[in-house]
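A.B. asks:
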Amino acid sequence: MLGERLARKLRDRGHDVVSVVADHRLVGRSDDQILAHAAGSGRAVVTTNIRDFVLLDGQYRDRGASHAGLVLVSTKTFPQDGSFQGAMLTALDKLRSQEDVFTGGQVRFLER
């Protein structure tokens, strides 16, 4: 959910990512539709929309449904300035290297 440019750079680094804004099936979809699509694809959602996705996670849990995970990006930790993209690449590389720690259904804040 953070743009195709960042998604392309992540793919170049070996990440399996899809950008919501570049996928015609996802453009204009609601948050719950995006999470459902990600869950069906076995992909976690990386988002700065913390409030809405935490609520959706609660709804999933309440009905016994699961998703592939949520990676929440705080704009306080990752200010959207000139350092944003580089910081995100580094942090997501680090998270990917810890795959055994990040399992489906987990919700966690991305760390610098």
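Here the working numbering is used: the first residue of the sequence shown is 697, the next is one more, and so on.
Note that beta-carbon positions come from the ideal geometry of N, C-alpha and C, so glycine has one too.
If you measure from the CB of Ser779, is any heavy atom of the ligand ADP nearer than 7 Å?
C.D. replies: As presented, the structure is devoid of all ligands, the ligand ADP included, so that no description of it is given.
A.B. asks: Between Val767 and the rest of its own chain, which residues show a CB-CB distance below 6 Å, the 5 nearest in sequence each way excluded?
C.D. replies: Working through the sequence shown from its first residue, we reach residue 767 at position 71. So the qualifying residues of the chain are Ala740, Val742, Leu806.
A.B. asks: Taking the beta strand (DSSP E) that Arg804 falls in, what are its first and last residues?
C.D. replies: By 1-based counting over the sequence shown, the position of residue 804 is 108. Where Arg804 is concerned, the enclosing beta strand (DSSP E) stretches over 803 to 805.
A.B. asks: Checking 8 Å against the spacing of the C-beta atoms, do Leu752 and Asp719 come in under that value?
C.D. replies: Locating residue 752 in the sequence shown gives position 56, where the first residue counts as 1. Locating residue 719 in the sequence shown gives position 23, where the first residue counts as 1. For Leu752 and Asp719, no; Cβs fall outside 8 Å.
A.B. asks: Straight-line CA distance for Ala703 to Asp758?
C.D. replies: The residue given as residue 703 occupies position 7 in the sequence shown. The residue given as residue 758 occupies position 62 in the sequence shown. Cα to Cα, Ala703 sits roughly 31 Å from Asp758.
A.B. asks: Is the distance from the Cβ of Gly858 to the Cβ of Gly760 below 8 Å?
C.D. replies: Examination of residue 858 is not possible in this model, given that the chain is present from 697 through 808 alone.
A.B. asks: Drop a sphere of 10 angstroms on the beta-carbon of Val769, count the other beta-carbons inside from all chains shown, and report buried for 16 or more, exposed for fewer.
C.D. replies: Start at 1 with the first residue of the sequence shown, and residue 769 comes out as number 73. With 16 or more other Cβ atoms within 10 Å, it is buried.
A.B. asks: Quick check on Val716: buried or exposed, where buried means 16 or more other Cβ atoms within 10 Å of its Cβ?
C.D. replies: The residue labelled residue 716 in the question sits at position 20 within the sequence shown. By the 10 Å Cβ count, Val716 comes out buried.
A.B. asks: Rounded to whole angstroms, what's the CA-CA distance from Asp708 to Ser779? Just pull it up for me.
C.D. replies: For this step, residue 708 is matched to residue 12 along the sequence shown. For this step, residue 779 is matched to residue 83 along the sequence shown. Their backbone Cα atoms lie some 19 Å apart in a straight line.
A.B. asks: Leaving out five residues on either side along the sequence, give the residues of the same chain with a beta carbon under 8 Å from the beta carbon of His773.
C.D. replies: Within the sequence shown, residue 773 is the residue found at index 77, counting from 1. The amino acid at residue 773 is misidentified as His; the sequence shows Thr. If we look at Thr773 and ignore the five residues flanking it on each side, its Cβ neighbours are Phe805, Leu806, Glu807, Arg808.
A.B. asks: Using DSSP with H/G/I as helix, E/B as strand and the rest coil, what is Leu698?
C.D. replies: Taking the first residue of the sequence shown as 1, we reach residue 698 at position 2. Leu698 falls in the coil class under three-state DSSP.
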